[in-house]
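Residue numbers (our numbering): 3 to 538. For each residue, glycine too, the CB sits at the ideal point set by N, CA and C. The block underneath contains the structure these notes are about, expressed in structure tokens.
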């Protein structure tokens, strides 16, 4: 039976789907080095130590997610204080799909083939983390750098106009941050699939990844909700950077510290086996062009189940990006009735709403972390497709609630009724926080199940995990590009704040709930094929 599987893998390699040969041999090497056997159950103590080591080997995911949580909760509002209008905020996120399309396939391709002594994935994790640390510091000090480059010399407490030099510095830092995030996340996910392959299955590995993302998110959103960084560290405030900006700096300083610590733990504990040069498939010839040649060969030769997975993933992310981009801005504008570049009072109210939104995202992350524990069991009992479908129907309901709450809070967006509003209605604020918390449940599915399904489908076809994750990432970046290019025109056409984007997201969530039931394969995260996915 095993010889038949290997022969099938070799046939598919000729078709362009496989990126590595002898994956089973490499997995056997790693297990032999660890003194373990896939078929054996092992004693409970060894199994416990193995899972604990696997858990801490993924710690870098928590550090990266800490910085990502700050990016999600604070940067869209912060960019508006620099003069970027609400209609164009989505365009600042266009670097995400570009970085995802260019960086992740390239990094996935080369991480599948990397023969460095430190392993296949860790070199990319190291470089990416260092770039992230530099990028967040550039963003945090963008207002100060802009002042030195020619922005207004007025004190930030008095000036409410645009600061274009600071905005340009911010965008450069934002782009590098997104490129670096993509450099780290793909190899980190692939490494979890590699390390968990022989003992636990892909759903366990990806659920650990999801749990660390939840931990990082909780800490990151808690940091973003903290409005006292400027009091604890007064030197963060400058003539160009007042309270809200100084709080951003303080949060990003902690991000650098946590990323360095988590990266060090991962580099030490992840027991990657170096890839032998003879195990690398060099048939594509190497070089930058070969990366995309091999990628599109893989797309052309994907099995039908993988095409359906990519389609469902794309529609799923179409439903999520409006919330990801506008969550705290929605809390600051629609619920708290603030304005990022309004009067001092309106700006303070908006900043309070943004911090409250970050607190709501903290609740979201707690729900995400709790849910991540039960996802493997749910997938084994209900199948991954049913769990994925249910999560999308839940997103549909929650997006619909956000639309209704926003319309009620803003009095139907009628200027005559909304002009005098300031501060939140306690009931609507409570409903908004509940929505933020509940949306963590489907988010746990979003961050784990698609990757686990891809791991199983890839293993059945004999593909490398790095390239498989790069291919799946295309199904994420394309809808992100669509949202980034259309959110601004939609915002201008309706002139109803963030509500139209959430309505569109809810519609896509409902469509995806149906498609998931019809198109996705019946996987449970426990098949024998999944055990050898991307093995060393």
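In this structure, 206 is the residue among 188, 476, 206, 504 with its C-alpha nearest to the C-alpha of residue 54. Closest in alpha carbon position to residue 459, among 174, 387, 258, is 387. CA-CA distance, residue 172 to residue 525, rounds to 43 angstroms. For residue 78, the three-state secondary structure derived from DSSP is helix. CA-CA distance, residue 457 to residue 275, rounds to 20 angstroms. Contact between residue 359 and residue 214 is absent: CB atoms are separated by about 23 angstroms, not below the 8 angstroms threshold.
Under a 10 Å Cβ-count criterion, residue 74 is classified as buried, with 16 or more other Cβ atoms of the shown protein chains found around its own Cβ.
Residue ranges of uninterrupted alpha helix (DSSP H) with 4 or more members, entirely inside the stretch 434-513 and ordered along the chain, are 442-448, 451-463, 467-496.
With a threshold of 16 other beta carbon atoms within 10 Å, residue 88 meets it and is buried. In this structure, the beta-carbon distance from residue 256 to residue 176 does not fall below 8 angstroms.
In the three-state reduction of the DSSP assignment, residue 161 falls in the coil class.
Within the stretch 97-131, the complete alpha helix (DSSP H) segments of 4 residues or longer fall at 97-115, listed in chain order.
DSSP, read as helix, strand or coil, puts residue 315 in helix. The C-beta distance from residue 62 to residue 186 rounds to 7 angstroms, short enough to meet the 8 angstroms contact threshold. In this structure, the alpha-carbon of residue 346 lies about 25 angstroms from that of residue 432. A residue is called buried when at least 16 other Cβ atoms come within 10 angstroms of its Cβ; residue 338 meets this threshold and is buried. For residue 251, the enclosing alpha helix (DSSP H) begins and ends at 245-271. Annotation for residue 157: 241 place their beta carbon closer than 7 angstroms to its own, counting only its chain and skipping 5 residues before and after. With respect to the 8 angstroms criterion, residue 137 and residue 71 are not classified as neighbours on the basis of their beta carbons.
In the three-state scheme derived from DSSP, where H, G and I count as helix and E and B as strand, residue 226 is classed as helix.
Residues of the same chain with a CB within less than 7 angstroms of the CB of residue 351, apart from the 5 flanking positions on each side, are 338, 339, 340, 424, 425 in chain order. Judged by DSSP in its simplified three-state form, residue 343 adopts coil rather than helix or strand. Taking C-alpha positions only, residue 132 is separated from residue 429 by approximately 44 angstroms. In the structure shown, residue 87 falls within a coil segment according to DSSP collapsed to helix, strand and coil.
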